[in-house]
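Engineer: Let me begin by handing over the structure; questions about it come next.
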Amino acid sequence: MTAEEATKLEAVIKTDLGEMRMEFFPEMAPQHAIAFIKRARAGYYDGSAFFRVIGRGLIQGGDPVLKENGAPRSRWGTGGLNLLKDEFSDLKHIRGVVSAVRIPDKPNSGGAQFFICAGEQPQLDGKFSAFGLINEGLHVVDQISQIEADENQKAVKPVKIISVKIEPKKVEPYKDANVDEMRKEVLLKTSMGDITVALDPVLAPEHVRNFLKLVETGWYDHTAFHRIVPNFVIQGGMGFTREPYKYHPADRWVRNLPGEFSKDRKHIRGTLSMARADDPNSAQTSFFIVLREAPNLDGKYTIFGRVVDGMDILDRIEQVQRQGEAPLARIELIEAFIKP
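Take a look at the structure:
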């Protein structure tokens, strides 16, 4: 196997507490990435466990000793080491990074055991061989990190690794789509009626690409319109409003977008625009629809489409009773889909 081949793969780690996916960085630690893939394909990790935890810090697993029934706690963490040479790099131990366990103060002692950062661990940078990143299922990492442990950080009840499978890496929808391929209409099916928006990839190609990706993956489904400002905007598209699940597989593709502000297009009634924080390049998922002309937004927020059907639904939503800007009744975005 080559490093290039490894970049096209990801591991699906199935545990007692849920599933996570890991992509590989073989350009940083080729031998560690390739060795993990080969072991996973051979079933090496199946039946092992995450046995060491630091709450919101890290979780450790991959020791074959944990596959033995009744293995004494004193042996946990001793197996599968002294197999690989160190491959330190400038890859930071941020949340989600996967790195190789090694014996303290012993060079080239890494092997099969690995740990996953549940939180940022800068003290580990340049001292451990980081070779991957959890791109789905970080909430599972969090959950495992908080299980009960003894004074040595060993889990009272280890979390079983049911299986580790290697699959082709998921492809991000619309990542390479051109402008013509992104000229789409999207139907927003809400609990108060349907709204159709036409997207403008010429005006804001990266925002349209992002919106189509989130729609295609179902990221917006079962979220809600959480903000209503009469005579101004309605706003939705925040992950915290999703019910019943708070996490989504497409979270891996949520990232900040560069501002695509227009000097010519105005925030008139029916305009679809992207919400953001103070940073002009901080838009991610939340969008708003303008209810009345809002010139104070022009050139400051990215317009990427307009409502072409369902303005009457916007008017109905505008009339919903509120506490401040929050609607008192849930206005659900039941489903968003791309029209054929």
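Residue numbers are given in my numbering: position 144 of the sequence shown equals residue 442, and the series is strictly consecutive.
A virtual CB, placed ideally from N, CA and C, is assigned to each residue, including glycine.
Quick check: the Cα distance between S397 and Q582, rounded to an integer number of angstroms?
Structural biologist: Here residue 397 corresponds to residue number 99 of the sequence shown, with the count starting at 1. Here residue 582 corresponds to residue number 284 of the sequence shown, with the count starting at 1. Those two C-alpha atoms are separated by around 28 Å.
Engineer: By Cβ distance, which residues of its chain are closer than 8 Å to P362, with the 5 residues on each side in sequence left out?
Structural biologist: Taking the first residue of the sequence shown as 1, we reach residue 362 at position 64. Only Y342, S346, G377, G378 and A410 meet the Cβ criterion.
Engineer: Locate the alpha helix (DSSP H) running through I611, then write down its first and last residues.
Structural biologist: In the sequence shown, counting from the first residue as 1, residue 611 sits at position 313. Unbroken alpha helix (DSSP H) run through I611: M609 to E616.
Engineer: I need the DSSP call for P578, collapsed to helix, strand or coil.
Structural biologist: The residue given as residue 578 occupies position 280 in the sequence shown. P578 falls in the coil class under three-state DSSP.
Engineer: Let's see if you can read the secondary structure: which residues bound the beta strand (DSSP E) around I414?
Structural biologist: One-based indexing of the sequence shown puts residue 414 at position 116. First-last of the beta strand (DSSP E) with I414: F412 to C415.
Engineer: Cβ of I532 within 6 Å of any heavy atom in the ligand MG?
Structural biologist: Among the ligands in the structure shown, none appear at all, so the ligand MG cannot be discussed.
Engineer: Kindly identify the DSSP beta-bridge partner or partners of K458.
Structural biologist: Counted from its first residue, the sequence shown places residue 458 at position 160. According to DSSP, K458 bridges with A347.
Engineer: Please report the straight-line C-alpha distance between K306 and K487, rounded to a whole angstrom.
Structural biologist: Numbered from its first residue, the sequence shown carries residue 306 at position 8. Numbered from its first residue, the sequence shown carries residue 487 at position 189. Taking the straight line from one Cα to the other gives about 35 Å.
Engineer: Quick one: any contact between the segment 455 to 464 and the segment 610 to 617, if contact means 3 or more CB pairs under 8 Å?
Structural biologist: No, because fewer than three Cβ pairs between the segment 455 to 464 and the segment 610 to 617 fall closer than 8 Å, the two stretches do not touch.
Engineer: Tell me the residue span of the beta strand (DSSP E) that contains L307.
Structural biologist: Residue numbering aside, residue 307 sits at position 9 when the sequence shown is read from its first letter. Unbroken beta strand (DSSP E) run through L307: L307 to T313.
Engineer: Where do the N-terminal and C-terminal ends of the beta strand (DSSP E) with N433 fall, by residue?
Structural biologist: To locate residue 433, count along the sequence shown from 1; it is residue 135. Unbroken beta strand (DSSP E) run through N433: A428 to E434.
Engineer: Quick check on this structure: which residue in M320, R319, L315 and K383 has the alpha carbon closest to the alpha carbon of F348?
Structural biologist: Here residue 348 corresponds to residue number 50 of the sequence shown, with the count starting at 1. The shortest C-alpha separation from F348 is found at L315.
Engineer: For G535, which residues of its own chain have a beta-carbon under 7 Å away from its beta-carbon, when the five flanking residues on both sides are left out?
Structural biologist: Residue 535 sits at position 237 when you count from the first residue of the sequence shown. Y518, T521, T583, S584 and F585, listed in sequence order.
Engineer: Keeping to the same chain, check which residues put their C-beta closer than 8 Å to that of Q441; ignore five residues upstream and five downstream.
Structural biologist: As a first step, residue 441 must be located in the sequence shown, where it is residue number 143. Result list for Q441: L315 and G316, in chain order.
Engineer: When the Cα atoms are used, what is the spatial distance from L555 to E303?
Structural biologist: What you label residue 555 is simply residue 257 of the sequence shown in a count that begins at 1. What you label residue 303 is simply residue 5 of the sequence shown in a count that begins at 1. If I take the Cα positions, the gap works out to 29 Å.
Engineer: Contact check, V495 vs E479 under 8 Å by CB: the rounded distance?
Structural biologist: Working through the sequence shown from its first residue, we reach residue 495 at position 197. Working through the sequence shown from its first residue, we reach residue 479 at position 181. So it is not a contact: roughly 17 Å between Cβ atoms.
Engineer: Kindly list the residues whose CB is nearer than 7 Å to the CB of L512, restricted to its own chain and excluding five residues on each side of it in sequence; keep chain order.
Structural biologist: On the sequence shown, residue 512 is found 214 positions in, with the first residue counted as 1. Y518, A548 and T583, listed in sequence order.
Engineer: Report all residues from its chain with a CB closer than 6 Å to the CB of R628; omit the five preceding and five following residues, and keep chain order.
Structural biologist: Here residue 628 is taken as the residue at index 330 of the sequence shown, counted from 1. Excluding sequence neighbours, R628 sits near A522.
Engineer: Report buried or exposed for V606, applying the criterion of at least 16 other Cβ atoms within 10 angstroms of its Cβ.
Structural biologist: As a working mapping, residue 606 is identified with position 308 in the sequence shown. It is exposed - the Cβ of V606 has fewer than 16 other Cβ atoms within 10 Å.
Engineer: Please classify R540: does DSSP put it in a helix, a strand, or coil?
Structural biologist: Taking the sequence shown and counting its residues from 1, one reaches residue 540 at position 242. Coil at R540, not helix or strand.
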